[in-house]
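Q:
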Amino acid sequence: MTMKRWIAIIVAAALIFVSVGVNSLSYIFTRNINGFFEEMMAMSSGYSETVIEEGSNREKIAVLTLDGIIQDTGSASPFVARSGYNHQFFMNQLNDVLEDDSVKGVVLRVNTPGGGVVESADIYDAIRAIQVEKDIPLYVSMGGMAASGGYYVSAPADKIFVNPETITGSIGVIMESVNYAKLAEKYGIDFNTIKTGPYKDIMSGSREMRDDERAMLQEMINDSYERFVDIIVEGRGMSEADVKKVADGRIMNGRQAIEAGLADASGKTGDVIAALKEDFDLQNATVFEYTASDSWASVFGVKAGNLFGSNIESELIGKLLSDYNAPRMMYLYGER
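Now the structure itself:
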């Protein structure tokens with residue numbers, strides 16, 4: 001990194017620090033202390049409540065948005081600008097819904113091709129906790145895509161609404177790696193692998209997979225698949241046989257999903273909110289969603305991003321960091 005860029009970062013950080021200090025002191029002297037600390041707490045959480053429809057504060061409907069590949073990238077730090085799906089922030093929102101006694105219903109907007117089996121299970125468990133412990137309804141509004149893990153987290157909903165053009169389904173589990181052994185042999189590349197057991201390098205790209213290794217992995221995949229099926233059986237009230245008729249990895253549109261019993265009706269988010277209000281006598285409820293706070297942390301993230309700029313080196317490093325993952329089981333449809 002050049003000296004010019006380091007100087008720019010230091011100057012920007014100093015300006016942000018001074019700005020935050022001045023604004024904080026101004027707030028303290030011009031408004032009450034409790035209000036200041038409440039705002040600081042909202043800023044530290046990374047999000048705040050934004051009202052969509054005014055109503056009673058004693059009855060609220062929370063609208064949550066799950067958008068992007070469901071994976072925990074570990075980027076929950078408030079010091080980095082956030083984009084795309086952030087697993088920890090979404091889990092925090094589910095926890096806030098669980099602890100907020102005024103929330104009487106939830107609308108979950110889902111737009112995802114799925115993702116990791118563990119992260120999907122995290123969301124599913126949190127949704128079930130809300131339903132069981134709070135005994136409140138949860139409706140799902142599927143967007144352009146709610147496939148694989150997107151359907152996994154939607155299955156326990158009281159009702160699932162789709163758009164006619166929604167891509168959903170893709171029920172199943174996938175695990176893959178790249179085998180470049182023949183390519184390496186062609187170019188005379190040799191791999192020296194030292195390991196403690198015959199399976200330590202299972203799914204290595206430097207050699208062919210053996211039949212016994214494939215059988216081991218298939219057993220793991222089958223276990224996760226059966227859990228996926230069980231969740232749909234329980235959530236949709238379908239028989240295992242009916243679920244497995246469409247749980248072969250196929251995708252379907254909204255109409256097909258309704259006909260297969262995987263969804264209930266067509267409708268956009270506004271229709272889903274209206275249906276929840278009507279079905280559970282919540283016409284006077286306040287409807288709100290969680291939105292990113294305009295905090296000093298997010299400002300710093302944006303400023304830092306602008307300072308680093310967009311160049312080939314940073315993009316390549318970012319791709320290497322994001323792509324360097326050991327093969328793992330995924331509830332995922334589409335490009336991996």
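Everything in the sequence shown is counted per UniProt numbering, starting at 1 for the first residue and increasing by one. Glycine is no exception: its CB is placed at the ideal position from the N, C-alpha and C atoms.
Around the C-beta of Gly116, are 16 or more other C-beta atoms found within 10 angstroms, so that it is buried, or is it exposed?
A: Residue numbering aside, residue 116 sits at position 116 when the sequence shown is read from its first letter. Gly116 is buried by the Cβ-count criterion.
Q: Going by Cα to Cα distance, which pick from Asp122, Met175, Pro156, Arg109 is closest to Gly144?
A: By one-based count along the sequence shown, residue 144 stands at place 144. When each option's Cα is compared against that of Gly144, the closest is Arg109.
Q: Give the C-beta separation of Val229 and Lys244 to the nearest angstrom, bearing in mind that I take them to be a contact with Cβ-Cβ under 8 Å.
A: Residue numbering aside, residue 229 sits at position 229 when the sequence shown is read from its first letter. Residue numbering aside, residue 244 sits at position 244 when the sequence shown is read from its first letter. Contact flag correct, Cβ pair sits at about 6 Å.
Q: Name the residue from Val153, Asn92, Asp101, Ile273 whose alpha carbon lies nearest to the alpha carbon of Ser48.
A: The residue you call residue 48 lines up with position 48 of the sequence shown. Nearest of Val153, Asn92, Asp101, Ile273 to Ser48, Cα basis: Asn92.
Q: On the three-state DSSP scale, how would you describe Ser239?
A: Residue numbering aside, residue 239 sits at position 239 when the sequence shown is read from its first letter. Reduced to three states, the DSSP call for Ser239 is coil.
Q: For the 8 Å Cβ check, are there 3 or more pairs between the segment 176–183 and the segment 198–215?
A: Touching, yes, given that three or more Cβ pairs across the two stretches are closer than 8 Å.
Q: Can you tell me the Cα-Cα spacing of Asn57 and Asn284, whole angstroms?
A: Residue mapping note: residue 57 aligns to position 57 of the sequence shown, counting from 1. Residue mapping note: residue 284 aligns to position 284 of the sequence shown, counting from 1. Answer to the nearest angstrom: the Cα atoms are 9 Å apart.
Q: Three-state secondary structure (DSSP) at Lys245?
A: Taking the first residue of the sequence shown as 1, we reach residue 245 at position 245. Lys245 falls in the helix class under three-state DSSP.
Q: Give me whichever residues DSSP pairs with Lys60 in a beta bridge.
A: Taking the first residue of the sequence shown as position 1, residue 60 is located at position 60. Answer is Val103, Thr286.
Q: Grab me the residues of Lys195's own chain with a C-beta within less than 6 Å of its C-beta, minus the 5 sequence neighbours each way, in chain order.
A: Here residue 195 refers to the residue found at position 195 of the sequence shown. Excluding positions up to five away in sequence, the list reads Asp201.
Q: Give me the DSSP bridge partner(s) of Thr65.
A: On the sequence shown, residue 65 is found 65 positions in, with the first residue counted as 1. DSSP output for Thr65 lists Arg109 as bridge partner(s).
Q: Taking 8 Å as the cut-off, decide whether the C-beta atoms of Ala257 and Gly172 are in contact.
A: Taking the sequence shown and counting its residues from 1, one reaches residue 257 at position 257. Taking the sequence shown and counting its residues from 1, one reaches residue 172 at position 172. Not a contact, by the Cβ cut-off of 8 Å.
Q: Helix, strand or coil for Leu332, going by three-state DSSP, please let me know.
A: Numbered from its first residue, the sequence shown carries residue 332 at position 332. Of the three classes helix, strand and coil, the one that applies to Leu332 here is strand, per DSSP.
Q: Which residues does DSSP pair with Met142 in a beta bridge?
A: As a working mapping, residue 142 is identified with position 142 in the sequence shown. Per DSSP, Val110.
Q: Under a Cβ-count criterion, where at least 16 other Cβ atoms within 10 Å of its own Cβ denotes burial, should Tyr187 be classed as buried or exposed?
A: In the sequence shown, counting from the first residue as 1, residue 187 sits at position 187. Tyr187 comes out exposed.
Q: For Asp122, count the other beta carbons within 10 Å of its own beta carbon; 16 or more makes it buried, fewer makes it exposed. Which is it?
A: To locate residue 122, count along the sequence shown from 1; it is residue 122. It counts as buried.
Q: Use the C-beta contact count for Tyr331: other C-beta atoms within 10 angstroms, 16 or more gives buried, fewer gives exposed.
A: Within the sequence shown, the letter at position 331 stands for residue 331. Classification of Tyr331: buried, given that the 10 Å Cβ count is 16 or more.
Q: Can you list, in chain order, the residues of its chain whose CB lies under 8 Å from that of Ile231, leaving out five sequence neighbours each side?
A: What you label residue 231 is simply residue 231 of the sequence shown in a count that begins at 1. Only Tyr124, Tyr152, Ala155, Pro156 meet the Cβ criterion.
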